[in-house]
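Using this note's numbering, the first residue of the sequence shown is number 5, and each one after it goes up by one. Worksheet for the structure shown next.
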Amino acid sequence: MIIGVSGDIGSFSEEAGWIYAAKAHTGSHELRYLIDMEGVLAALTNGEIDVGIFPFVNYNSGIVWPAFSAMGRYNFMPIDDLQLNVEQCLIALDDIPLNEIRALYSYTPAFEQCKGFINYHGYTTVDWGDTAKAARDLAAGLLPEKSAVVGSAQAAKSYGLKIIRQGIQDLQPNITRFIVVKRAE
Numbered sequence: 005m006i007i008g009v010s011g012d013i014g015s016f017s018e019e020a021g022w023i024y025a026a027k028a029h030t031g032s033h034e035l036r037y038l039i040d041m042e043g044v045l046a047a048l049t050n051g052e053i054d055v056g057i058f059p060f061v062n063y064n065s066g067i068v069w070p071a072f073s074a075m076g077r078y079n080f081m082p083i084d085d086l087q088l089n090v091e092q093c094l095i096a097l098d099d100i101p102l103n104e105i106r107a108l109y110s111y112t113p114a115f116e117q118c119k120g121f122i123n124y125h126g127y128t129t130v131d132w133g134d135t136a137k138a139a140r141d142l143a144a145g146l147l148p149e150k151s152a153v154v155g156s157a158q159a160a161k162s163y164g165l166k167i168i169r170q171g172i173q174d175l176q177p178n179i180t181r182f183i184v185v186k187r188a189e
């Protein structure tokens, strides 16, 4: 079974994909990293994946609007949903004092979940489309010096980055629901 997820390696969608694979007893499976919801639904429509997984609501920040925008353009059938406690981390190349960080890069819904922390420190935020892609790009030197990323501990581990602060989200637990979809019949 080929499972398409709306994120890069180290994304929360990747974690949801592995959980679904174990839950569904898919046997042999492969994850495809399609970065966004549009990519997942397009790949599903084109028969490139068997199922797709992407976030559609977070109990703190609300509806994941890009998911609903993409869902309005494709025919598909929901087959399951998963809830995941999302712990957001502040990630950097090395240990850096919080007051030296100039900008945060991530996906806008991640910033929404961490408003209190971000506002307290007065950080500038830059939407990067995916939390794990931001981590990958930070590790690759594609982001400005003194930048940090909001994302998962797994993203930090996957790209050899340092977790500066864990659990920066406003609420605990920070539940995100992921929808599992297949092609419409």
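The beta carbon of each residue, even a glycine, is placed where N, CA and C say it ideally should be. Small disclaimer: the values here were computed from a predicted structure and weren't measured.
Give the straight-line distance between the Cα atoms of residue i and residue j, rounded to the nearest whole angstrom.
i: Ala23; j: Phe16; result: Here residue 23 turns out to be Ile, not Ala, going by the sequence shown. Spanning the two alpha carbons is a distance of roughly 11 Å.
i: Ala20; j: Leu48; result: 17 Å
i: Gln176; j: Asn123; result: 18 Å
i: Asn2; j: Ala46; result: Coverage of the chain is limited to positions 5 through 189, which leaves residue 2 absent and any answer about it impossible.
i: Leu99; j: Ala143; result: For the sequence presented, residue 99 should be read as Asp rather than Leu. Between Asp99 and Ala143, the C-alpha separation is close to 14 Å.
i: Asn178; j: His125; result: 21 Å
i: Ala26; j: Thr180; result: 19 Å
i: Ile183; j: His33; result: 18 Å
i: Asp131; j: Ile7; result: 26 Å
i: Phe121; j: Gly14; result: 22 Å
Does the distance from the C-beta atom of residue i to that of residue j stay below 8 Å?
i: Asp174; j: Asn64; result: yes
i: Thr128; j: Ala114; result: no
i: Ile172; j: Val154; result: yes
Along the beta strand (DSSP E) that carries residue i, what are the first and last residues, could you check?
i: Ser15; result: It is not in any beta strand (DSSP E) - Ser15 carries neither H nor E in the DSSP assignment.
i: Asn89; result: 80–89
Can you tell me the Cβ-Cβ gap for residue i and residue j, rounded? I've got them flagged as a contact below 8 Å.
i: Ala160; j: Ile83; result: The pair is not a contact, with the Cβ atoms about 31 Å apart (cut-off 8 Å).
i: Ala3; j: Pro59; result: Residue numbering for the chain in the displayed model covers 5 to 189; residue 3 lies beyond these limits and cannot be assessed.
In terms of residue numbering, what span does the alpha helix (DSSP H) encompassing residue i cover?
i: Ala139; result: 135–143
Does the region 106–119 come into contact with the region 49–57, if we say contact requires no fewer than three beta-carbon pairs (one atom in each stretch) closer than 8 Å? no
Is it a yes or a no for the region 83–97 touching the region 35–44, going by three-plus beta-carbon pairs under 8 Å? no
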